[in-house]
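Be aware that the sequence shown starts at 10, since it is given in this note's numbering, and climbs by one per residue. A virtual CB, placed ideally from N, CA and C, is assigned to each residue, including glycine. Because the structure is a prediction, the values reported are computed rather than measured.
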Amino acid sequence: LRKKGIFPKLVSIVVGDERGGRFYQNLKKKAAERVGAAVKIVSLKTDTGLKEIVDNIEFYNSDDKVYGVMMQLPLPDYLKPKTNYLINIIDPKKDVDGLQEDSLFLTPVVKAVLAALIEATYVLSVGSSRLSAGLKIVVVGAKGFEGRKITRVLRQMGYKVDGVDIDTKNLKLITNSADVVISVTGKADLIKTDLVKEGCAVIDVGAPYGDVDKKVYKKAAFISPVPGGIGPVTISMLLENLIEAAKGIEN
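Printed below as a string of C-alpha coordinates:
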(Lines of atoms letter the chains of each structure in order from A and count residues from 1; the text may use other names and numbers.)
(Lines give C-alpha, C1' and ligand atoms only; values in the text may rest on other atoms or scores of the structure.)
Protein backbone atom coordinates (compact mmCIF):
# COMPACT_ATOMS: atom_id res chain seq x y z
CA LEU A 1 0.00 0.00 0.00
CA ARG A 2 2.81 2.37 0.87
CA LYS A 3 4.44 1.72 -2.53
CA LYS A 4 1.17 2.78 -4.11
CA GLY A 5 1.11 5.93 -2.00
CA ILE A 6 -1.80 4.65 0.11
CA PHE A 7 -1.77 5.40 3.84
CA PRO A 8 -4.65 3.62 5.65
CA LYS A 9 -6.51 6.10 7.84
CA LEU A 10 -9.49 5.51 10.13
CA VAL A 11 -11.66 8.26 11.59
CA SER A 12 -13.41 7.40 14.85
CA ILE A 13 -16.19 9.79 15.88
CA VAL A 14 -16.74 9.95 19.63
CA VAL A 15 -19.73 11.76 21.14
CA GLY A 16 -19.29 12.51 24.83
CA ASP A 17 -16.89 10.86 27.26
CA GLU A 18 -18.29 7.32 27.33
CA ARG A 19 -16.88 5.21 30.16
CA GLY A 20 -13.89 3.26 28.99
CA GLY A 21 -14.21 4.77 25.51
CA ARG A 22 -11.18 7.05 25.76
CA PHE A 23 -8.93 4.20 26.83
CA TYR A 24 -10.16 2.04 23.94
CA GLN A 25 -9.64 4.89 21.46
CA ASN A 26 -6.04 5.34 22.56
CA LEU A 27 -5.37 1.61 22.21
CA LYS A 28 -6.71 1.73 18.64
CA LYS A 29 -4.54 4.72 17.83
CA LYS A 30 -1.35 3.11 19.18
CA ALA A 31 -2.08 -0.21 17.45
CA ALA A 32 -2.66 1.58 14.13
CA GLU A 33 0.64 3.43 14.43
CA ARG A 34 2.46 0.13 15.05
CA VAL A 35 1.32 -1.25 11.68
CA GLY A 36 1.82 1.96 9.71
CA ALA A 37 -1.80 3.16 9.72
CA ALA A 38 -3.48 6.06 11.50
CA VAL A 39 -6.53 6.69 13.64
CA LYS A 40 -7.98 10.20 13.88
CA ILE A 41 -10.26 10.66 16.88
CA VAL A 42 -12.98 13.26 16.38
CA SER A 43 -14.21 14.21 19.85
CA LEU A 44 -17.63 15.86 20.01
CA LYS A 45 -19.34 17.21 23.13
CA THR A 46 -22.05 15.17 24.84
CA ASP A 47 -24.76 17.63 23.78
CA THR A 48 -23.69 17.79 20.12
CA GLY A 49 -26.69 18.07 17.80
CA LEU A 50 -27.62 15.41 15.26
CA LYS A 51 -26.88 17.65 12.27
CA GLU A 52 -23.31 18.29 13.39
CA ILE A 53 -22.68 14.57 13.78
CA VAL A 54 -24.15 13.88 10.33
CA ASP A 55 -22.01 16.66 8.85
CA ASN A 56 -18.88 15.07 10.33
CA ILE A 57 -19.73 11.65 8.91
CA GLU A 58 -20.43 13.06 5.46
CA PHE A 59 -17.25 15.14 5.54
CA TYR A 60 -15.08 12.07 6.11
CA ASN A 61 -17.17 9.99 3.69
CA SER A 62 -16.06 12.40 0.97
CA ASP A 63 -12.39 12.48 2.03
CA ASP A 64 -10.56 10.10 -0.32
CA LYS A 65 -7.64 9.88 2.10
CA VAL A 66 -9.89 8.30 4.75
CA TYR A 67 -10.59 4.58 4.29
CA GLY A 68 -12.63 3.89 7.42
CA VAL A 69 -15.28 5.83 9.34
CA MET A 70 -16.85 4.61 12.57
CA MET A 71 -19.04 5.81 15.43
CA GLN A 72 -17.91 4.92 18.93
CA LEU A 73 -20.76 3.03 20.62
CA PRO A 74 -22.72 3.24 22.78
CA LEU A 75 -23.90 6.75 22.01
CA PRO A 76 -25.23 9.06 24.76
CA ASP A 77 -28.83 8.27 25.76
CA TYR A 78 -30.39 11.10 23.74
CA LEU A 79 -28.78 9.73 20.56
CA LYS A 80 -29.36 5.99 21.07
CA PRO A 81 -32.64 6.00 19.06
CA LYS A 82 -30.61 7.40 16.14
CA THR A 83 -27.83 4.78 16.30
CA ASN A 84 -28.86 2.85 13.18
CA TYR A 85 -29.60 6.07 11.31
CA LEU A 86 -26.10 7.41 11.95
CA ILE A 87 -24.40 4.10 11.19
CA ASN A 88 -26.17 3.86 7.85
CA ILE A 89 -24.95 7.31 6.78
CA ILE A 90 -21.38 5.96 6.74
CA ASP A 91 -20.14 5.13 3.24
CA PRO A 92 -20.52 1.30 2.97
CA LYS A 93 -16.97 1.05 1.60
CA LYS A 94 -15.75 2.73 4.81
CA ASP A 95 -17.90 0.79 7.31
CA VAL A 96 -14.87 -1.05 8.70
CA ASP A 97 -16.65 -1.59 12.02
CA GLY A 98 -19.11 -3.78 10.11
CA LEU A 99 -22.16 -2.30 11.79
CA GLN A 100 -24.42 -1.90 8.76
CA GLU A 101 -26.86 -4.74 8.18
CA ASP A 102 -25.35 -5.72 4.82
CA SER A 103 -21.83 -4.53 5.54
CA LEU A 104 -18.95 -5.51 3.29
CA PHE A 105 -16.98 -6.17 6.48
CA LEU A 106 -17.50 -8.67 9.27
CA THR A 107 -17.77 -6.91 12.65
CA PRO A 108 -14.34 -6.91 14.39
CA VAL A 109 -15.86 -8.24 17.63
CA VAL A 110 -17.37 -11.19 15.76
CA LYS A 111 -14.03 -11.88 14.06
CA ALA A 112 -12.31 -11.75 17.44
CA VAL A 113 -14.83 -14.20 18.92
CA LEU A 114 -14.27 -16.57 15.99
CA ALA A 115 -10.50 -16.40 16.59
CA ALA A 116 -11.03 -17.23 20.27
CA LEU A 117 -13.43 -20.03 19.34
CA ILE A 118 -10.77 -21.65 17.15
CA GLU A 119 -8.41 -21.69 20.14
CA ALA A 120 -11.14 -22.92 22.47
CA THR A 121 -12.11 -25.71 20.06
CA TYR A 122 -8.52 -26.92 19.97
CA VAL A 123 -8.35 -27.04 23.77
CA LEU A 124 -11.69 -28.82 24.10
CA SER A 125 -10.90 -31.31 21.33
CA VAL A 126 -7.57 -32.51 22.71
CA GLY A 127 -8.09 -36.17 23.56
CA SER A 128 -11.68 -35.96 22.33
CA SER A 129 -13.47 -36.98 19.14
CA ARG A 130 -15.80 -33.95 19.27
CA LEU A 131 -16.00 -31.96 16.07
CA SER A 132 -16.00 -28.18 16.35
CA ALA A 133 -19.41 -27.91 14.66
CA GLY A 134 -20.75 -30.37 17.24
CA LEU A 135 -19.93 -28.13 20.18
CA LYS A 136 -22.93 -26.61 21.91
CA ILE A 137 -22.56 -22.85 22.24
CA VAL A 138 -24.61 -20.48 24.38
CA VAL A 139 -24.46 -16.73 23.75
CA VAL A 140 -25.50 -14.73 26.81
CA GLY A 141 -26.70 -11.30 25.70
CA ALA A 142 -28.02 -12.51 22.34
CA LYS A 143 -30.56 -9.69 22.05
CA GLY A 144 -27.86 -7.02 22.18
CA PHE A 145 -26.26 -5.44 19.13
CA GLU A 146 -23.06 -7.50 19.17
CA GLY A 147 -24.78 -10.56 20.62
CA ARG A 148 -27.20 -10.75 17.69
CA LYS A 149 -24.36 -10.61 15.18
CA ILE A 150 -22.28 -13.24 17.00
CA THR A 151 -25.28 -15.58 17.23
CA ARG A 152 -26.25 -15.13 13.59
CA VAL A 153 -22.75 -15.68 12.18
CA LEU A 154 -22.13 -18.79 14.30
CA ARG A 155 -25.44 -20.30 13.16
CA GLN A 156 -24.58 -19.52 9.54
CA MET A 157 -21.32 -21.42 10.09
CA GLY A 158 -23.24 -24.48 11.27
CA TYR A 159 -22.71 -24.27 15.02
CA LYS A 160 -25.43 -25.26 17.48
CA VAL A 161 -26.17 -21.98 19.23
CA ASP A 162 -28.66 -21.03 21.94
CA GLY A 163 -29.17 -17.29 22.39
CA VAL A 164 -30.16 -16.21 25.89
CA ASP A 165 -30.26 -13.05 28.01
CA ILE A 166 -30.01 -12.10 31.66
CA ASP A 167 -33.76 -12.50 32.16
CA THR A 168 -34.06 -15.86 30.35
CA LYS A 169 -35.90 -18.50 32.38
CA ASN A 170 -33.76 -21.50 33.31
CA LEU A 171 -30.62 -19.55 32.37
CA LYS A 172 -28.45 -21.70 34.64
CA LEU A 173 -29.81 -24.92 33.12
CA ILE A 174 -29.05 -23.71 29.60
CA THR A 175 -25.55 -22.36 30.27
CA ASN A 176 -24.60 -25.49 32.22
CA SER A 177 -25.32 -27.61 29.15
CA ALA A 178 -22.93 -25.58 26.98
CA ASP A 179 -19.46 -26.57 25.85
CA VAL A 180 -18.77 -22.91 25.10
CA VAL A 181 -20.28 -19.90 26.88
CA ILE A 182 -19.92 -16.54 25.13
CA SER A 183 -21.02 -13.62 27.29
CA VAL A 184 -21.60 -10.17 25.82
CA THR A 185 -23.86 -8.34 28.28
CA GLY A 186 -21.56 -5.71 29.76
CA LYS A 187 -22.76 -6.67 33.25
CA ALA A 188 -19.72 -7.15 35.46
CA ASP A 189 -19.27 -10.59 37.08
CA LEU A 190 -22.59 -11.89 35.71
CA ILE A 191 -21.16 -15.31 34.87
CA LYS A 192 -20.56 -17.06 38.18
CA THR A 193 -19.17 -20.56 38.73
CA ASP A 194 -22.67 -22.03 39.05
CA LEU A 195 -23.52 -20.91 35.49
CA VAL A 196 -20.84 -23.00 33.75
CA LYS A 197 -19.91 -26.65 33.75
CA GLU A 198 -16.49 -28.02 34.61
CA GLY A 199 -14.06 -28.03 31.69
CA CYS A 200 -16.04 -25.75 29.39
CA ALA A 201 -14.73 -22.80 27.37
CA VAL A 202 -15.72 -19.26 28.32
CA ILE A 203 -15.32 -16.30 25.97
CA ASP A 204 -15.78 -12.99 27.78
CA VAL A 205 -16.89 -10.15 25.49
CA GLY A 206 -18.14 -7.91 28.31
CA ALA A 207 -16.93 -4.32 28.37
CA PRO A 208 -15.39 -2.53 30.10
CA TYR A 209 -14.88 -4.80 33.11
CA GLY A 210 -15.82 -8.25 31.84
CA ASP A 211 -18.90 -10.41 32.38
CA VAL A 212 -17.06 -13.34 33.97
CA ASP A 213 -16.30 -13.75 37.66
CA LYS A 214 -12.58 -14.52 38.07
CA LYS A 215 -13.43 -17.66 40.06
CA VAL A 216 -14.74 -19.17 36.80
CA TYR A 217 -11.18 -19.16 35.45
CA LYS A 218 -10.31 -22.19 37.63
CA LYS A 219 -13.35 -24.14 36.43
CA ALA A 220 -13.03 -23.51 32.69
CA ALA A 221 -10.66 -25.39 30.39
CA PHE A 222 -10.33 -22.25 28.26
CA ILE A 223 -10.95 -18.60 29.10
CA SER A 224 -10.55 -15.33 27.20
CA PRO A 225 -9.95 -12.85 30.04
CA VAL A 226 -10.82 -9.20 30.47
CA PRO A 227 -8.62 -7.25 30.09
CA GLY A 228 -6.26 -8.77 27.53
CA GLY A 229 -8.60 -11.13 25.70
CA ILE A 230 -11.18 -10.20 23.09
CA GLY A 231 -10.41 -6.45 23.30
CA PRO A 232 -6.91 -6.47 21.76
CA VAL A 233 -7.98 -9.03 19.14
CA THR A 234 -10.96 -6.81 18.21
CA ILE A 235 -8.58 -3.91 17.59
CA SER A 236 -6.43 -6.13 15.36
CA MET A 237 -9.51 -7.20 13.40
CA LEU A 238 -10.63 -3.58 13.02
CA LEU A 239 -7.23 -2.72 11.55
CA GLU A 240 -7.45 -5.77 9.30
CA ASN A 241 -10.76 -4.42 7.96
CA LEU A 242 -9.18 -0.99 7.49
CA ILE A 243 -6.36 -2.51 5.42
CA GLU A 244 -8.91 -4.41 3.32
CA ALA A 245 -10.79 -1.16 2.74
CA ALA A 246 -7.60 0.58 1.67
CA LYS A 247 -6.78 -2.27 -0.70
CA GLY A 248 -10.29 -2.17 -2.12
CA ILE A 249 -12.75 -4.74 -0.76
CA GLU A 250 -13.73 -5.80 -4.29
CA ASN A 251 -10.16 -7.03 -4.89
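Taking 9 Å as the threshold (C-beta atoms), are residue j and residue i in contact?
i, j, result
"V211", "I146", "no"
"G77", "L133", "no"
"G150", "V193", "yes"
"I22", "Y69", "yes"
"K181", "L204", "yes"
"A124", "V214", "no"
"V119", "E155", "yes"
"V48", "A41", "yes"
"D198", "I183", "no"
"D188", "K152", "no"
"F231", "A129", "yes"
"N185", "K206", "yes"
What number of angstroms, rounded off, separates the C-alpha of residue i from the C-alpha of residue j?
i, j, result
"K74", "F16", "8 Å"
"K18", "S233", "29 Å"
"R161", "V148", "10 Å"
"V177", "A255", "Correcting the residue type first, residue 177 is Thr in the shown sequence and not Val. Distance between the alpha carbons of T177 and A255: 42 Å."
"V20", "D86", "22 Å"
"K227", "N179", "24 Å"
"S112", "M79", "13 Å"
"N65", "K13", "28 Å"
"R43", "K37", "10 Å"
"V225", "L115", "30 Å"
"A46", "E253", "12 Å"
"L88", "L53", "13 Å"
"T57", "E110", "26 Å"
"L10", "G257", "11 Å"
"S245", "Y94", "27 Å"
"Q34", "P90", "23 Å"
Compare the Cα-Cα distances from residue i to each of the options and report the closest residue.
i, options, result
"G143", "K12, G167 and K54", "G167"
"D222", "K201, G238 and F231", "K201"
"D71", "K54, K102 and K60", "Before going on, a small fix: residue 71 reads as Ser here, not Asp. When each option's Cα is compared against that of S71, the closest is K102."
"T92", "D111, L115, R31 and L59", "L59"
"T55", "G25, F32 and N35", "G25"
In the DSSP output, what is residue i paired with across the bridge?
i, result
"A47", "K18"
"A210", "V189 and F231"
"G143", "Per DSSP, none; premise fails for G143."
"V173", "V149"
"M79", "S21"
"S52", "V23"
"V221", "I200"
How many whole angstroms separate the CB atoms of residue i and residue j, which I take to be in contact at a CB cut-off of 8 Å?
i, j, result
"L251", "V63", "So it is not a contact: roughly 22 Å between Cβ atoms."
"G195", "A216", "6 Å"
"I96", "E67", "In fact, because the Cβ distance is near 13 Å, the residues do not count as touching under 8 Å."
"P117", "L247", "4 Å"
"V235", "G219", "3 Å"
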